[in-house]
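In what follows, a structure is listed as structure tokens, so that the remarks can point back to it.
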């Protein structure tokens, strides 16, 4: 393979989730009759809650040799369908009652970051733009890798988050234009108390148990305007 140091930015096209469409509608998302929910140009295919829960896999457009072959890679239980950049049609974002409008990040929580990276890089995705030692929310060591992605602020992989035998896309970080309305739509009793996600951005976490969701989902305010642009 040709040695490179820059690659075209990849794109997550779709994500397959073992959730009920009714649960997502109750959480404030518009779900079509085809059981698809479009957030920020990514299609979430809702497969129902009668089988395996959580994220089954995703479709990725990337600049990798395997993408040219439209290959499939399964890494510790998480399936990646890979295809060339620009081959999937653009998806128009949905009009959501809870004002969801985009994606901060989707987070892969592998059993061990470096082990997954060795199987992923140059197959599913090009190398991350950075990878580093960090600490999880409990202060324990973890390793993080970050990619730039067309339809989100960042794509993240972070281990030591409780996974012991399989990789999981365990968290969705979604942007809502109006956090108060998002809380009202989902029901305050189904949301955590608002907290500071980043400077100038509040967030809540939807209750997985009360809403019958299988992926930890954050609703986050948009980035505040940069100084001089308001």
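Numbering (the working numbering), first residue to last: 1034 to 1263.
Glycine residues also receive a C-beta, built at the ideal position from the N, C-alpha and C atoms.
Nearest neighbour of residue 1237, chosen from 1243, 1227 and 1189 [CA to CA] | 1227
Under the rule that 16 or more other beta-carbon atoms within 10 Å means buried, what is residue 1231, buried or exposed?
-> exposed
Inspect the beta-carbon positions of residue 1185 and residue 1073 and report whether they are closer than 8 Å.
-> Contact flag set, yes.
Tell whether a beta-carbon distance below 8 Å holds between residue 1182 and residue 1188.
-> Yes, the pair counts as a contact, with Cβ atoms nearer than the cut-off.
Where in the region 1162-1221 do unbroken runs of the alpha helix (DSSP H), each at least 4 residues long, occur, reported from the N-terminal end onward?
-> 1212-1219
Distance CB(residue 1246)-CB(residue 1043) smaller than 8 Å = For residue 1246 and residue 1043, no; Cβs fall outside 8 Å.
Let me know the alpha helix (DSSP H) ranges lying completely inside the region 1042-1093, each 4 residues or longer, listed in chain order.
-> Within the region 1042-1093, the complete alpha helix (DSSP H) segments of 4 residues or longer fall at 1054-1059, listed in chain order.
What number of angstroms, rounded off, separates the C-alpha of residue 1034 from the C-alpha of residue 1102?
-> Residue placement at residue 1034 is poorly supported in this model, since its pLDDT is 48, which falls under 50; the coordinates are not used for a value here.
So which of 1143, 1070 and 1252 has the shortest CA-CA distance to residue 1220?
-> 1252
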